[in-house]
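Only one structure is covered here, and it is reproduced in the block below.
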Amino acid sequence: TSKNNDDIRDEKKKKEKSNSVVPPPEVLQQLPIVDLSQPLEQIARAVDEACREIGFFYIVNHGVDAEIIRRTQSLSRELFDLPLPQKEEYSMTKSSSGIRGYFRVGE
């Protein structure tokens, strides 16, 4: 049987309490959840629907270690908490690739 996002969300909340980083409940209620443990066709449908309807989605069962996620979130917060002049030192315009770095909203 096919499961909808609410069913998957409820199952994932129960299974992932100890070894993962789960966003706050208010975010889970707003963002679609894409479960990478599902068959590829179901994943593709879920991503397509999420991108068309909302533009964002939350991925579960991706295999990324919870500590890596926590560290990345911590480093992101550190960057965005810097004063603007310091953040601009990491500007995307200074990046050799042009796809990494800080940019202000609207740039």
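Residue numbers (my numbering): 18 to 124.
Ideal Cβ positions, reconstructed from N, Cα and C, are used throughout, including at glycine.
Here the structure is a predicted model, which is why all the values come from computation and not from measurement.
Collapsing the DSSP output to three states places Ser113 in coil. Straight-line spacing of the CA atoms in Phe120 and Arg87 works out to 22 Å. Judged by DSSP in its simplified three-state form, Ile85 adopts helix. Boundaries of the beta strand (DSSP E) harbouring Ile50: Ile50 to Asp52, taken from the DSSP string.
Relative to Glu70, the option among Pro56, Pro49 and Glu105 whose CA is nearest is Pro49.
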